[in-house]
Structure formats: structure tokens, C-alpha cells
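Comments concern the structure below.
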Amino acid sequence: MDKLVLIDGNSIAFRAFYALPLLQNNKGTYTNAVYGFAMMLMKVLEEEKPNHVLVAFDAGKITFRHRDYKEYKGKRDKTPGEFSEQIPLIKELLDAFGIRHFELESFEADDIIGTIAKEADRKGMPVTIVTGDKDLLQLVTEKVELLMTKKGVTDADRYDVEKVNEKYGLKPKQIIDLKGLMGDPSDNIPGIPGVGEKTALKLLHQFGSVEEVLAHIDDLPGKKLKERVAENRRDAILSKDLATIMCDVPLDFGLDDLIYQGFDADRIIPLLKKLEFKTLLERIQGDESETDQPEPEKISVERVESEDNGKWEDFLKQDRIALFVERNHENYHRADLLAIVLSDGKQQLFLNWETAKRWPAFQEWLQDSDRKKICYDVKATWIVFKRHHLESEGFMFDILLASYLINASESGHDLSDIVERKLGGGLPADDVVYGKGAKRRQLGEQELSEHLARKVNRIYQLCPVLEKELKEYDLDALFFDLELPLTHVLARMEWNGVKVDKDRLQALGKELQERLNGLTERIYDLAGTTFNINSPKQLGEILFDKLGLPVLKKTKTGYSTSADVLEKLAPQHEIVEEILRYRQVGKLISTYVEGLLKEVFDSTGKIHTRFHQAITTTGRLSSSDPNLQNIPVRLEEGRRLRQVFIPEKPGWQILSADYSQIELRVLAHLSGDHGLVEAFQKDMDIHTKTAMDVFGVSENEVNSLMRRQAKAVNFGIVYGISDYGLSQNLNISRKEAGEFINRYFESYPGVKVYMDETVKKAREDGYVTTMFHRRRHLPEIHSRNFNRRSFAERTAMNTPIQGTAADIIKQAMLRMDEALEKRNMSARLLLQVHDELIFEVPKEDSETLSDLVREVMEGAVTLSVPLKVDVSTGNTWYEAK
DNA sequence: CAGCTCACG
DNA sequence: ACGTACGTGAGCTGC
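The numbering of the first sequence is my numbering, which starts it at 149 and goes up by one.
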């Protein structure tokens, strides 16, 4: 049975564009209309199973309708560029599906659809029209039905003759009369003013057509209506004409040219990959795999055996070799080496640990800094080799770091994610190959060597692709002169580890546990019952249901019991303060005492954190297992935990050096605001200075409240200010917060200009950059969703500041590493905490190091304001404050 | 495994 | 009108 589907291309694309968020793919191409269109298309093909398909598009702006009525579609907003640029992609998609699409000069899509529908009707072929435009209802007949999209894209109502009658009490042909009377503001069709759908329908039910209505003006109800119809009879006729779809357009094709024979997945898959339509891709590939599971591409891999390793020595002489080390855990400080693979792009070598150990040429190659290696995650690789007593040098490229610099916001930087994005796939994810969680399994030798061969081969393939992109984005220097060398510095920091006074930690734990026990009893007492204080749900029931405290804030799931809420409730009931203390102490025990104890290596009494160099969107590092960047400091009780961080050797000290107000100094530099620059040049207390300006008082009139509020305003500025955020932080009204912000911007107009310019530039470019060219893509800066757009705008303001500060301290770390080496000092860098570097140093060198650190950190970059560093030393991290 | 809470800069 | 401060990681609860 033949069946024809006619799709109103522009209408469906437009629907999709407004129904979906403004999606962008990795390259910044807008794709939401294409995505919605593709969803709709696949659904219609599945459900209607047509063997003839046509998609009609509007051509150009001027149509034959403009001859009669120049203002046709005159009041429409200009089509957004984000929409227009997607139309060619939709046509490309249709080509890939093997679906015909047409447009015709001076006609609209409707007219093409009408003409073909009429031809099919005449030949007795059933037709389904897909559109979002109810004008097309006029085409419905016994053979022609219409799918009209509802709110979304794929959701549609089906109209046949009966349904049109049910809905309007009209025959399909009368839809044009309806429009003749009521007009259509969106197409700028006038109709009769004052006649809406209700009146128009009433008149048509009585008279049947525009012409009949006009012939019976005297019989119309109401004086006003009579007048209006009489005065606008020409417009009514014109409007009906404009609404009439032309069904005899001269077309140079016919039904036979619209045959659709089903799609060829091989043509569609590359396009869907380019567009990054993962769900649709899975749907198509899923359909395919039912018939034939695509075998992973064959890969050659040679096992190197100890007996005949001599024959591979020429292989190692090549210029560039990709190297990958598989390990058995994510945490490379605890992991064992499973296998080593090498690739020159053509051949892959597989060696197990036994072979590597007994192959001197390999070890020589590995530690020769002139033999260049391409790697994924140099830091992990270096450490895993180190754990197995092998030195490795000569890493000239890191796939992980490169992918991160190219787009830090990208969801995954696993090797398979990068391969997916940059090579269009071809490497199954580890989770899939090994299984995850309980399903994790060990691979057989053959399977393992093939999987690893694929990995190392892809690493080799990726290198030139990423190198080129780094260059395009002007990221070479950041990559080669900063991040790649830094990875070695971080590796040594992690490898060295930090010594922990385990006894002291346990003693603190015991003390805190006793405090917690006391607090628990007291809370049960005050509550009159026992319950799980750690459960916000149970706690909420006690506080708000049982004790009747007022509910100030709710979360999605129930009452909020967060600290800011509890602080406000504290005066009302004794229990609240106890709960706050309980939370504090509980946090210290579970996260810091127990958490840290788990991470202390038995053999050395040290902790080896991991610094992640490819996680944050701003360029900062992060730290995990354990996180040593959030050790308590603000409250004395928690701060004592810093007593457990000690130098490795007796007679050594801890030295801490932190940048003073680095982010605000960076802001002063980037904005060039005179007041701010001058304040730092004079080394003023910046929060006091801000208070003076914002409150209009002299220095000695600034009280502690004013300074505290000014400090919050400064933070707000750095974060990308909003009155709401500031009001929350300061617990003041939004209006008051807004006034603070206004006065800040009046005092520092350069900052205001800078912020506005930065957001404007982000809109133009789609990204922002730091001083070192680090880039953050902000696709949502164009979002029509207020929240998403606002977030992107704040991010645009914050990232250059936070990111430049991150660039600077990374630069300082590199310089410090070189300086220590050059001076032959035994001091070692232990930790970085965003604006602070922590060292261990022999006591006798600590003064020398103090001076050196200050000089290097303050001189890491030259800004229009000085950088200032505070240094202090002590026997523990606690004392170095 | 998501949501809440809280530690840091 | 919309409802959030920017960037992280970890522990706990409860579905």
C-alpha cells in the first residue's frame, strides 16, 4: 500500500527551535532545531511507514502573495541567525536519510504541499501532512490527514475531516474563510478588525463562507459588527485569498520522484556524530545492531617476549612513540601496573611487567628524555613507573591535558570520550570493556592486549589532531610552557607526599568523639527522643514538626536544615545551637579524622593526595583521596587538625606562602580601574578601602560591620555579582544589596565597564579567556532561559579572574621548582591550595626559602598592580599561619 | 546514586 | 517574572 508523508519543513524546524533549549555542539554550531527536526522525522518514519516522503521549505522572502499584499508577513521579527544557520543542516540530514526536499521561488512550502497532496488525492494515495500551522487544515480530505504538532516537537494531534468538524464545526475548505474573517497577526493578514475566532466561527456556521457573509451584511447581529464588516469587505476577501493555499503550482517533479526506501545507517551515523546527537545515534545504531553487531575494527598487536625482545629495538628508535600503561585502580598511588603498550601508529607492542623488567633497551628508552613519548595522563604514568622503580622522561605530549585545555567544560576527558569527540569513535570505554562496580571482570590475555593496543593507537592518532587545535586556539604556550612542565612538578609533589602525625590525629579524634557523645546526649534530651541527627529528614521532623520552629527555607525534598537556616533559628530553641556544634564536630571526625586516617600509608606514615590538573572549568587544580585543599582553617576547633601535618624529617619546618587578595589584584589589572589600581599600589586594606568608597566615610569611620559588608561586596564582584546572591550572603534585602552594588560601581566605574565589556565579548565570541589564553566556552550565554543565561554571564565575569589567578600560581610553582633545583636546595613543595603554596624545608634554610618564595611568587607575572605574598613558618602546618 | 550539608579558596 | 552568588571533594542518608 502506497503512502505519502509531506512535511512542512520551516514550520517543524521553527517549532523545534522554540521548543528546545538552544543546544550547541562542541564546535559551537547551534543544533536544537536540527535535533528536534530529526526526532520528529524518525518518529514519523517509524509510525507512518511511508514509501513516499517530501519535505517542503519556503524559498526566499518574496512570494506571489506579496504581489497582492505588500505587507504580507510584514510584522514578523527578523528570523534569528541561530535558526537560519540550522536550515542547511536540516537539509543535509534529509540528504543523509535519502529524503527529497524542495523549495520553489516565490512560493511557500504550503503551496508545494498542497499541490502534491492534490495529485496524491487524485491518484487515491493516502497522505499525511506534518506541520505546526493550522492553515494547512484546509487541505484535509478523505484521503489527506494532517499531523499538527502540539507543545513539543514529537507530540502531535491527528486531524481528519471528522476531527476538523469536531473542533471547528467546519469543513476543511472553510478554514480559509475562517482566516479571511479573523485574519492572522503572525502573517500580518488583516481580516476584519474586532472579529476573533469566536465571532468568525459563529458567522461561518450561519452563512458558510466569506462571500455569503458579505452578501448578508444586513442580517448580521449588532450594529458595530455590521459596520466593521461593511468597511472591511475588501480586506476580508484579500485575507481569504492570502490564506488560500495554491494547489496547482508548476512543479518539475511528481509523486514518483518522492519514493523513500528507508535509510542507510552508514550515511546517517557520521552526520549524527558531527552534530553530537548521542541519543539518536544510539537509536540508529541500536536498530542496526539487531541485525549485525559491528565488529570492532581489527588491530594488530605484537606481544614482546623476554626471549626475543631484541627484534623490537629498532622500533624504539623511532621519533615519536605513544605509550600507555594500564593499571588496576584509578588511584595510581595504590595501583599496580597491568601492562605496557607502545604504538608508532602502525604497529602496537604489548609487554607485561615481567618483560619490561627484563628488557634493558626498553628501560633506557623510557628514561631517555630525548626519546619522545606521547601519553595520556603523564602524571599517573610517571608515578606508576616510579612505584615500580622505573624512571620515565621525555613526555612531549599529554592527550588528557590537551583535551582539557581545548574545552575544559566538556563532560568527559576519559580517553574513550576524547576519541569519540575527536576521531568520531572507535574505542570502547573501560566501563564497557571491563564492566563497572560488581560487574568488573578481568580480561583474557588476547582481549586485554587488543583493548590496550586500541588505546595506545588512538593516543598516537589523537596527538596531531589535538596539537592542531591547541595551535588554533592559541593555547600552545599554555600547554607546552605551563601545563605540561607543571605536570612533572605535581607528580613529584604527590610522589613525595605529606607526613602525618598519626598519633596526634588519633588523639584529636578521641577528644572530638567525646565531645560528640556529649552533644548527642544533650540533643536527645532536648528533643525528648532519640533520632538520627545526621538525617536532615529526621532532624527536620524534630525541629519543625515536633518543636514547631518556623520553616524559613525548603529544599526540593523537604525542610532545609542548612547552617544559615539554623543560625537564624538558634535564638528560639536551645537545641539548635547544639545541633550546629554537633554538625561541626561530626564533620571533623568523619571527614578529617577518619577520612585522613584511611589515607595514611602504613609503610611511610604519609599521605599522597592526587592533584587533578584536568577537572575544573577555570584552570584551578583540585585535590582528592584525600582532598588536602579543604583542611579546616576558619574555626579554631577545626584548625587544630593542621597540627597533624608535619615535615617528613626532624629538624625541618613547614613554610606557607599565600598571595594576598590575588583575585582582586587580578581584577584591578584586567579592568584597569584607577581607584582599584591605586588602592593596591598604595597597599591599602582593600576591604576597608571599599567600605570607605561604598559608604562614603573616612578610614577611621569604617566600623567592623561596614568592613564585613564591603568584603562581601568584593567577593560578589569577583563571582559575577547579583543583588540576590549578595543579599543572601549578607542577610539583607535585595534592594539594599542592589544599592551596595550600584555604589560600588559608581566608585569603581572601570570595573563596571570591564564587566560589561567582558559579557559583551563573551556573547560575540562564545567564550572568555584568561591572561594566559586559557579558554572557557560559554554556549549558554545565548540561552533564552534566564537562569542559564545569567549563570553564563556571571561565569563570564568570574572565569577570567579566577582563571588568571590560577595561571599565575601555576607559573609561580614552575619557577619555584626551577629555583630550588638551581640553588640545590633540599626544600620541597608539598601542596598548593589555590592561592597558597606549602613547602617543607630544613630549619636552617627556612629564611632563605622565605625570601626566595616571596621573590618568585611576587614576580611570577608583571601586572599593573604589585602582587603581595605573606610567608610564615612553623613546626606544623598549624603553626605556619 | 542523587540530594543535602559542609570543609576550603 | 524568572531565582543564584564562583570553583571544588567528601560523608551521610534514603530511595
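Each residue gets a CB set at the ideal place from its N, CA and C atoms; glycine is no exception.
Asked, Found
"Could you name each continuous alpha helix (DSSP H) segment of 4 residues or more that falls completely within the segment 293-329, going from the start of the chain to the end?", "309-316"
"With a threshold of 8 Å, are at least 3 pairs of Cβ atoms found where one atom belongs to the segment 452-467 and the other to the segment 403-410?", "no"
"In or out: Glu345 buried (at least 16 other Cβ within 10 Å) or exposed?", "exposed"
"Nearest-angstrom Cα distance between Leu1031 and Gly331?", "This structure leaves residue 1031 out entirely; the chain is present only between 149 and 1029."
"Where do the ends of the beta strand (DSSP E) carrying Thr1021 lie?", "1017-1022"
"I'd like to know whether the C-beta atoms of Gly262 and Leu287 end up nearer to each other than 8 Å.", "yes"
"Measuring only the C-alpha atoms, how far is Asp206 from Gly157?", "8 Å"
"List the whole-angstrom C-beta distance separating Glu445 from Gly574, where the pair is believed to meet the contact cut-off of C-beta under 8 Å.", "6 Å"
"Do Leu497 and Phe463 come within 8 Å of each other at the CB atom, strictly closer than that value?", "yes"
"Where do the N-terminal and C-terminal ends of the alpha helix (DSSP H) with Arg856 fall, by residue?", "852-867"
"Per DSSP, Ala800 is paired with what?", "Residue 800 is actually Trp in this sequence, not Ala. In DSSP, Trp800 forms a bridge with Pro990."
"Mapping the DSSP letters down to three states, classify Leu486 as helix, strand or coil.", "strand"
"Excluding sequence positions up to five away, which residues of its chain have a Cβ less than 6 Å from the Cβ of Ser564?", "Leu575, Ala577"
"Grab me the residues of Gly317's own chain with a C-beta within less than 7 Å of its C-beta, minus the 5 sequence neighbours each way, in chain order.", "Leu349, His353"
"Name, in chain order, the residues that DSSP records as bridge partners for Glu453.", "DSSP lists no partner for Glu453."
"Under 8 Å between the Cβ atoms of Met296 and Thr276?", "no"
"Are there three or more Cβ pairs, one per stretch, closer than 8 Å when the segment 775-789 is compared with the segment 736-748?", "yes"
"Between Gln720 and Lys701, what straight-line distance do the alpha-carbon atoms span, to the nearest angstrom?", "16 Å"
"Pairs of beta-carbons, one from the segment 955-973 and one from the segment 985-1005, closer than 8 Å: are there three or more?", "yes"
"Could you give the C-beta distance for Ile323 and Leu368, rounded to a whole number, given that I count them as a contact under 8 Å?", "Between Leu368 and Ile323 the Cβ distance is about 21 Å, and since that is not below 8 Å, they are no contact."
"Drop a sphere of 10 angstroms on the beta-carbon of Phe749, count the other beta-carbons inside from all chains shown, and report buried for 16 or more, exposed for fewer.", "exposed"
"Taking 8 Å as the limit between beta carbons, can you name the residues of its chain near Trp507, skipping five residues before and five after?", "Val452, Ser454, Asn457, Leu499"
"Per DSSP, what are the beta-bridge partners of Lys371 in this structure?", "DSSP, once it has assigned bridges, lists no residue as partnering Lys371."
"Note down the Cα distance separating Ala954 from Val899, rounded to an integer number of angstroms.", "20 Å"
"Which of the three DSSP states, helix, strand or coil, is assigned to Arg163?", "helix"
"Quick one: grab the DSSP three-state call for Leu399.", "coil"
"Within 8 Å, do at least three Cβ pairs link the segment 525-540 to the segment 476-484?", "yes"
"Quick check on this structure: which residue in Trp513, Arg306, Lys505, Gly560 has the alpha carbon closest to the alpha carbon of His537?", "Lys505"
"Note the first and the last residue of the continuous alpha helix (DSSP H) segment covering Gln980.", "Looking at the DSSP string, Gln980 is not in any alpha helix (DSSP H); the run it does join, the beta strand (DSSP E), is 976-980."
"Identify every residue that forms a DSSP beta bridge with Gln172.", "Tyr178"
"Counting C-beta neighbours from all protein chains within 10 Å, is the total for Phe934 16 or more, i.e. buried, or is it exposed?", "exposed"
"Between Arg431 and Lys218, what straight-line distance do the alpha-carbon atoms span, to the nearest angstrom?", "46 Å"
"Kindly give me the distance between the Cβ atoms of Leu596 and Ala487, rounded to whole angstroms, as I take these residues to be in contact under 8 Å.", "7 Å"
"Taking only the alpha-carbon atoms, compute the straight-line gap between Ile727 and Glu662 and give it to the nearest angstrom.", "15 Å"
"Just the Cα atoms here: how many angstroms apart are Val153 and Ile260?", "13 Å"
"Can you tell me which of the three DSSP states Ser437 falls into?", "Low confidence applies to Ser437: its pLDDT is 46, below 50, so where it sits in the model is not reliable enough to give any reading."
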